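Notes to accompany the following structure.
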Amino acid sequence: MSEHERSETTVDVLERTLVRRILRREYPAGANLPSVRALAAEFDVTAPTIQRVTARLEAHGLVEARHGSGVRVLDATRTGGLSLLPLWFDALSDNPKEAARVFRECMELRRLVTLHLAPRIDAVAAAPGLAAAVQRTQAAETQDELMEADLAFTRAVLDAAGHFGATALFNTVEGVIRNVPGVADAFYGDPRYLRTATREIVDAVVANAPDRDQTIMAILQRLDERAAVRFERSVAARARENGATPAMSRS
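In short: position in the sequence shown from 1, add 28, done, that's this note's numbering.
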């Protein structure tokens, strides 16, 4: 491994550590981060390494560097972007209820985007692509196959709607599903119900009835709530396995 690769690995670890402290309010909003010298001494790294980490925190919207006044911690709930989602779940790994709350809010955003996109979908033109995606979902045998099929189905819906912003949101959610422990299990832990829900959504799109949007939203809401319950249980179980007592909500 090159010196550059080792440095990048160190920066990644320190970034995750400091983000975790900020999101857990160990460094409260409005306060200053410890000085570069103090952080460098704590983690046994150089000042330039800490400065690189600080630049990443600033890019996340977590801190604000002020000339001559140090680095001020910002309120992540007001200034953070979608890139923080995986880091939020990491910070809440011992807080099942709060992690589930964030999960539910993400899914609510997805439903609102779906409601906005539904009128943009040409049911006739989209039907073949959606039907193929459903068939792939029905044929999936393993959880990984089901995940890939479901993500392909969502991608087909987005392609039919042709909406850049919604696609960007989906890309973020896909990253969370693939990379945050417990999320894929939450989404795909009930294959039979997911397959049924997917088929019902496509049927509603193709039928194009006056109550189409309400029908789709109701299906997604039931699906998401079942996933949120599984996710909360999963976070609690992992916390116990790691020897932590699940924390009370910090909200």
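Beta carbons are placed, not taken as given, at the ideal position from N, Cα and C, and that holds for glycine.
Predicted model only: the values in this text are computed from it and were never measured.
DSSP three-state assignment for residue i, whether helix, strand or coil
i: residue 168; result: coil
i: residue 261; result: helix
i: residue 98; result: strand
i: residue 91; result: strand
i: residue 270; result: coil
i: residue 82; result: helix
i: residue 37; result: helix
i: residue 74; result: coil
i: residue 239; result: coil
Backbone CA spacing between residue i and residue j [nearest angstrom]
i: residue 71; j: residue 100; result: 20 angstroms
i: residue 226; j: residue 64; result: 51 angstroms
i: residue 53; j: residue 207; result: 24 angstroms
i: residue 221; j: residue 87; result: 40 angstroms
i: residue 215; j: residue 46; result: 29 angstroms
i: residue 115; j: residue 270; result: 18 angstroms
i: residue 243; j: residue 267; result: 37 angstroms
i: residue 265; j: residue 153; result: 45 angstroms
i: residue 79; j: residue 198; result: 32 angstroms
i: residue 93; j: residue 106; result: 17 angstroms
i: residue 66; j: residue 196; result: 38 angstroms
i: residue 183; j: residue 260; result: 26 angstroms
i: residue 39; j: residue 241; result: 45 angstroms
i: residue 83; j: residue 37; result: 16 angstroms
Boundaries (first-last residue) of the alpha helix (DSSP H) holding residue i
i: residue 221; result: 219 to 235
i: residue 213; result: 211 to 216
i: residue 106; result: 104 to 107
i: residue 144; result: 124 to 145
i: residue 195; result: 192 to 207
i: residue 52; result: Where residue 52 is concerned, there is no enclosing alpha helix (DSSP H), given that its DSSP letter is neither H nor E.
i: residue 148; result: Element bounds for residue 148: n/a, residue is neither H nor E.
i: residue 67; result: 64 to 71
i: residue 59; result: It is not in any alpha helix (DSSP H) - residue 59 carries neither H nor E in the DSSP assignment.
i: residue 291; result: Lying outside 29 to 279, the shown extent of the chain, residue 291 is not represented and no answer is given.
Cβ pair residue i, residue j closer than 9 angstroms
i: residue 43; j: residue 112; result: no
i: residue 166; j: residue 217; result: no
i: residue 256; j: residue 135; result: yes
i: residue 48; j: residue 119; result: yes
i: residue 97; j: residue 263; result: no
i: residue 139; j: residue 252; result: yes
i: residue 158; j: residue 181; result: yes
i: residue 230; j: residue 162; result: yes
beta-carbon residue i near the ligand FMN non-hydrogen atom, thresh 8 angstroms
i: residue 257; result: No copy of the ligand FMN appears in this structure; indeed no ligand is present at all.
Just checking, does the stretch 235 to 245 make contact with the stretch 121 to 133 on the three C-beta pairs under 8 angstroms criterion?
no
Is it the case that the stretch 130 to 137 contacts the stretch 178 to 196, given that we only count it when at least three CB pairs across the two stretches are under 8 angstroms?
no
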